[in-house]
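Chemist: Below are the structure tokens for one structure; questions will follow.
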Amino acid sequence: MAIIYDQESRVFHLQSKNTSYAFQILKQGYPAHIYWGKKVRGLQLNRLLQIKERASFSPNPDQNQLDLSLDALPQEYPSYGATDFRSPAYQVKLPNGSTILELTYHSHEIYSGKKKLEGLPAVYVESESEAQTLELTLKDDLTGLTAVLSYTVFENHDAITRSVKFINNGEMTLDLQRALSMSVDFAHDRFEMLQLSGAWARERYVHKRKLVPGMQSVESRRGSSSHMQNPFLALLSEGATEDHGDVYGVNLVYSGSFIAGVEVDQYHSSRLFIGINPFDFNWRLEAGEQFQTPEAVMVFSPDGLGGMSRIYHELYRTRLVRGEFRDKTRPILVNNWEATYFDFNADKIEAIATAGKELGIEMFVLDDGWFGKRNNDTTSLGDWFVDKNKLPNGLEDLVARVKRLDMQFGLWFEPEMISPESELYKAHPDWCLHVEGRRRSQGRNQLILDFSRQDVRDYIVKTVSDILSSAPITYVKWDMNRNMTEIGSALLPADRQRETAHRYMLGLYEVLETITTSFPHILFESCSGGGGRFDPGMLYYMPQTWTSDNTDAVSRLKIQYGTSIVYPISTMGAHVSAIPNHQVGRKASLETRGNVALSGNFGYELDLTVFTDEEKEAVKKQVALYKEVRPLVQFGDFYRLLSPFEGNETAWMFVSKDKSEAFVVYVSVLQEANAKLDRLRLKGLDPNFDYVLDGEEGAYGGDELMNAGIQAPLFHGDYSSKVFRFRAVK
Ligand code: DGJ
């Protein structure tokens, strides 16, 4: 790892273990992008930068250099309106109404380590030797606005993080209308763009398309990263596959509205960018004020999509997720949501927990419905006081009953919400996001608390903390079940109203920081109607996320496969639920429901008290198996073998870091008569190790398993599956 600056050519060369990233400062001060890809020694990288005179439709910023046009120059942080016509990284409105502004080189600093981002989640280092950072300061002479572009490279991860801090060092009042986190220009457009898109209950499906001239982008305008689009894009070079070829990923460490896109221009170059969505955004910067963008995490891998995923997984698992649970295996839980919905009492809960304990389950989670008068979803959000009708002896008593079983206890909250039918709303009708004189649109009968307000945040921190201090709770599910409408805050002046959505995110992050650090022994899982906020921003505060409200095993193949493109397995909640499945009505076997859920943070979400002895025996075995493979699943390397987006079979596997153990999951959705006799090739093993397969005599060579493969199982019956455990013999 190194950041090298060549004084003479003014080239910056950022090197991680296997990656190079380079740009040059032109004599006019423009930072021109040169290269991002596999590591090169980089003797004279500036030879790659071609500057060529273009037609008059690409005008010139410097009359002394008529071959230079920003419209044709690959750039690091481009502007609009001063000869570049492509999509810019920033736009600023001046008091005279103009939006022309040009940031050029002012100074730079290279240092060991990585600074925290003020008020925002970000990848971190534990010692200065783990990373090097370049801060490149650009300045607009007319306004005095400076932008500090931060680039960090890591010793142990082939990732580069980028973010930008705007500082109004001038006298004028400025409006930041667009402030992306990164932008990079590739010299060609021979890429496929991969995005993770979907909807509630079918999150993060993999979609690929070949780049075409013009703009292709994904975005959220929902005030959260959303079920519909994930703040991630990858560019796959021609012919790149799961295992081979150059892949570039960008992911935004942010949980609010974002944009990510690629613009292919007239010269076939591709501009890739990601950041806060400029749509409906404006940030007033008075003289002396600053604005920090979220962080973008950029990953290059020459080893296909799988290689890129493993870089993200390792980085996020070890240097995004924080706290004591980062390196701890996560408990197997049983959650009562799909078992009881709102209809439960203390005895019912204790009965489910008791049944779980007998089967080896380690934690009980009490979901929605324990507070206020919450017998359905029309009421009580904001009234975080125990419902004595359901739990007459209080939460403390229930927790004690579960604890007596030697089980941990977890609790559900939805702290960002307020029901119009609640004591809180009666007392504070202006505490929700709203616009004076306009309707307050409800979603699931609820409104959103205005987390941009300090008084609202203080109330939530206090009420949630009081509950968490009232009993030995060791897990919290932090839910959020609607998107923002009528986005406005009662406390902000007119010219700052468009700051509300981002101020909400900053407020949310402040609350999460306060609560998670005050309760370091509680494991937090974020949730937004399942995976509506499955993003690195939330993972910084909460090491795991409820992947989807869709608990059907077949649906989960696509959801978990798509999620694994970026996010580590240890961040994904996956539960076995009842059949017919509550979301799709499918009846997958208990074995297959288990095998799919085993590929995440495992748990059950059904009424275990109604299980037959045979079913209980099967659950006992699943739980015991998970306990054995848990370190491998949660902390091993993940390899995708067969994609549910490409065929009837899905397979993936987990390999321990020392390659001595592997766990393979294979699922076949629909059966065909007289089916093919297929083979399944494994990945990530040591070719020189010999492995034995549980339940079989004799050994397989690692090379044999990866090149020749194993016999793919043949099934009778739809939604069938099988798992394989391999152990190296010395
Ligand atoms: C949505 C979550 O995703 C579910 O798991 C459950 O907690 C419900 N909310 C409760 O209202």
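Take the numbering used here: the final residue in the sequence shown is number 752, and no numbers are missing along the way. In this text, a Cβ means the ideal position worked out from N, Cα and C, and glycines have one as well.
In chain order, what residues of the same chain lie with their CB nearer than 8 Å to the CB of L167, ignoring the 5 residues before and after it?
Modeler: Position 145 of the sequence shown, counted from the start, is the residue given in the question as residue 167. Excluding positions up to five away in sequence, the list reads V114, L123, L125, K161, F188, I189, N190, N191, G192, L196 and L307.
Chemist: What residues sit near the ligand DGJ, counting only those whose C-beta is closer than 6 Å to one of its heavy atoms, in chain order?
Modeler: Those satisfying the condition are, in chain order, W359, D389, D390, W434, D501, N503, C549, G551, G552, W568 and D571.
Chemist: Comparing alpha-carbon positions, which option in V286, I509 and G278 lies nearest G297?
Modeler: As a position in the sequence shown, residue 297 is number 275, starting the count at 1. Nearest of V286, I509 and G278 to G297, Cα basis: G278.
Chemist: If you drop the 5 nearest sequence neighbours on each side, which residues of the same chain put their C-beta closer than 7 Å to that of H335?
Modeler: Position 313 of the sequence shown, counting from 1, holds the residue named residue 335. Contacts found: P590 and F660.
Chemist: Across which residues does DSSP place C454 in a beta bridge pair?
Modeler: Here residue 454 refers to the residue found at position 432 of the sequence shown. For C454, the beta-bridge partners assigned by DSSP are L471.
Chemist: Could you tell me the distance, in whole angstroms, from the CA atom of G510 to the CA atom of M564?
Modeler: For this step, residue 510 is matched to residue 488 along the sequence shown. For this step, residue 564 is matched to residue 542 along the sequence shown. Near 27 Å, if we compare the C-alpha coordinates of M564 and G510.
Chemist: Sorted by chain position, which residues of the same chain lie with C-beta nearer than 8 Å to F301's C-beta, five sequence neighbours on each side aside?
Modeler: Taking the first residue of the sequence shown as position 1, residue 301 is located at position 279. Only E241, R243, S279 and I281 meet the Cβ criterion.
Chemist: Mind the definition here: the stretch 603-617 touches the stretch 335-355 only if three or more C-beta pairs lie below 8 Å; say whether that holds.
Modeler: When C-beta atoms of the stretch 603-617 are compared with those of the stretch 335-355, fewer than three pairs fall below 8 Å, so the two segments do not count as touching.
Chemist: Using the rule of at least 16 other Cβ atoms within 10 Å of the residue's Cβ for burial, across every protein chain shown, is T567 buried or exposed?
Modeler: Within the sequence shown, residue 567 is the residue found at index 545, counting from 1. Buried, by the Cβ-count rule.
Chemist: Given a threshold of 16 other Cβ atoms within 10 Å of its Cβ, counted over all protein chains shown, does D287 qualify as buried or as exposed?
Modeler: As a first step, residue 287 must be located in the sequence shown, where it is residue number 265. Only buried fits D287, as 16 or more other CB atoms lie within 10 angstroms of its CB.
Chemist: When the distance is taken between beta carbons, is M506 closer than 8 Å to A493?
Modeler: By one-based count along the sequence shown, residue 493 stands at place 471. By one-based count along the sequence shown, residue 506 stands at place 484. It is not a contact, given that the beta carbons lie outside the stated cut-off.
Chemist: Expressed to the nearest angstrom, what Euclidean distance is found between the alpha-carbon atoms of Q582 and S599?
Modeler: As a first step, residue 582 must be located in the sequence shown, where it is residue number 560. As a first step, residue 599 must be located in the sequence shown, where it is residue number 577. The straight-line gap from Cα to Cα measures roughly 16 Å.
Chemist: Quick one: any contact between the stretch 258-270 and the stretch 483-492, if contact means 3 or more CB pairs under 8 Å?
Modeler: no
Chemist: Assuming N415 and A368 are in contact, meaning their beta carbons sit under 8 Å apart, how far apart are those beta carbons, in whole angstroms?
Modeler: For the purposes of this step, residue 415 is identified with residue 393 of the sequence shown, where counting begins at 1. For the purposes of this step, residue 368 is identified with residue 346 of the sequence shown, where counting begins at 1. The Cβ separation is near 7 Å, so the contact holds.
Chemist: Which parts of the stretch 45-117 are runs of the beta strand (DSSP E), unbroken and 3 residues or longer, counting only runs that do not cross its ends?
Modeler: 53-60 and 112-115
Chemist: Whole alpha helix (DSSP H) runs in the stretch 458-544 with 4 or more residues, listed along the chain?
Modeler: 476-492 and 522-540
Chemist: Can you tell me which of N696, I26, E98 and L707 puts its alpha carbon nearest to the alpha carbon of Q738?
Modeler: The count along the sequence shown starts at 1 and reaches residue 738 at position 716. Correcting the residue type first, residue 738 is His in the shown sequence and not Gln. Of the candidates N696, I26, E98 and L707, the one whose C-alpha sits nearest the C-alpha of H738 is N696.
Chemist: Identify which residue in L116, S151 and S129 has its Cα closest to the Cα of L164.
Modeler: For the purposes of this step, residue 164 is taken as the residue at position 142 of the sequence shown. Ranking the options by Cα distance to L164, first place goes to L116.
Chemist: So V175 and A153 are in contact, right, with Cβ under 8 Å, and what is the actual spacing, rounded?
Modeler: As a working note, residue 175 is residue 153 in the sequence shown. As a working note, residue 153 is residue 131 in the sequence shown. At roughly 6 Å, the Cβ-Cβ gap stays under 8 Å, so V175 and A153 are in contact.
Chemist: Skipping 5 residues on each side, what residues in its chain have a beta carbon closer than 8 Å to that of V421?
Modeler: In the sequence shown, the residue the question calls residue 421 occupies position 399. Excluding sequence neighbours, V421 sits near F431, A493, P494 and I495.
Chemist: Quick check: the stretch 349-369 against the stretch 400-410, are at least 3 beta-carbon pairs closer than 8 Å?
Modeler: no
Chemist: Is D635 buried or exposed, if buried means 16 or more other CB atoms sit within 10 Å of its CB?
Modeler: Numbered from 1 along the sequence shown, position 613 holds the residue referred to as residue 635. The C-beta of D635 has fewer than 16 other C-beta atoms within 10 Å across all chains shown, which makes the residue exposed.
Chemist: Buried or exposed for N398, please, with buried defined as at least 16 other CB atoms from any protein chain shown within 10 angstroms of its CB.
Modeler: Numbered from its first residue, the sequence shown carries residue 398 at position 376. Under a 10 Å Cβ-count criterion, N398 is classified as exposed, with fewer than 16 other Cβ atoms of the shown protein chains found around its own Cβ.
Chemist: Between the C-alpha atoms of K499 and D211, what's the straight-line distance to the nearest angstrom?
Modeler: Translated into the one-based positions of the sequence shown, residue 499 becomes position 477. Translated into the one-based positions of the sequence shown, residue 211 becomes position 189. Cα to Cα, the separation comes out at about 43 Å.
Chemist: Which ranges does the alpha helix (DSSP H) cover as unbroken runs of at least 4 residues, wholly within the stretch 666-700, from first to last along the chain?
Modeler: none
Chemist: What is the rounded straight-line gap between the Cα of K61 and the Cα of G553?
Modeler: As a working note, residue 61 is residue 39 in the sequence shown. As a working note, residue 553 is residue 531 in the sequence shown. Cα-Cα distance, rounded: 35 Å.
Chemist: Under the rule that 16 or more other beta-carbon atoms within 10 Å means buried, what is F79, buried or exposed?
Modeler: What you label residue 79 is simply residue 57 of the sequence shown in a count that begins at 1. Here F79 is exposed: its Cβ has fewer than 16 other Cβ atoms, across all protein chains shown, within 10 Å.
Chemist: Buried or exposed, going by whether 16 or more other CB atoms sit within 10 Å of the CB of T539?
Modeler: Locating residue 539 in the sequence shown gives position 517, where the first residue counts as 1. With fewer than 16 other Cβ atoms within 10 Å, it is exposed.
Chemist: Could you spell out the range, first to last residue, of the alpha helix (DSSP H) harbouring V424?
Modeler: Here residue 424 refers to the residue found at position 402 of the sequence shown. Note, V424: alpha helix (DSSP H), G416 to R426.
Chemist: Considering Cα atoms alone, identify which of A449, L48, G103 and P143 is closest to D28.
Modeler: What you label residue 28 is simply residue 6 of the sequence shown in a count that begins at 1. Of the listed residues, the one whose Cα sits closest to D28 is L48.
Chemist: Taking 8 Å as the limit between beta carbons, can you name the residues of its chain near M439, skipping five residues before and five after?
Modeler: For the purposes of this step, residue 439 is identified with residue 417 of the sequence shown, where counting begins at 1. Same-chain partners within the cutoff: L403, G404, Q468, L469, I470, L471, M502, N503 and R504.
Chemist: Would L216 pass as a contact of A256 if the rule is Cβ separation under 8 Å?
Modeler: Along the sequence shown, read from residue 1 onward, the residue named residue 216 stands at position 194. Along the sequence shown, read from residue 1 onward, the residue named residue 256 stands at position 234. Closer than 8 Å, so yes.
Chemist: Leaving out the 5 sequence neighbours to the left and right, which residues in its chain are closer than 6 Å to N252 when beta-carbon positions are compared?
Modeler: On the sequence shown, position 230 is the one that residue 252 refers to. The answer, listed in chain order, is L218 and R226.
Chemist: Do G559 and P143 have their beta-carbon atoms positioned less than 8 Å apart in this structure?
Modeler: Position 121 of the sequence shown, counting from 1, holds the residue named residue 143. Position 537 of the sequence shown, counting from 1, holds the residue named residue 559. Taking 8 Å as the Cβ cut-off, P143 and G559 qualify as a contacting pair.
Chemist: Report the partner residues of K161 according to the DSSP bridge assignment.
Modeler: Here residue 161 is taken as the residue at index 139 of the sequence shown, counted from 1. T126 and T168.
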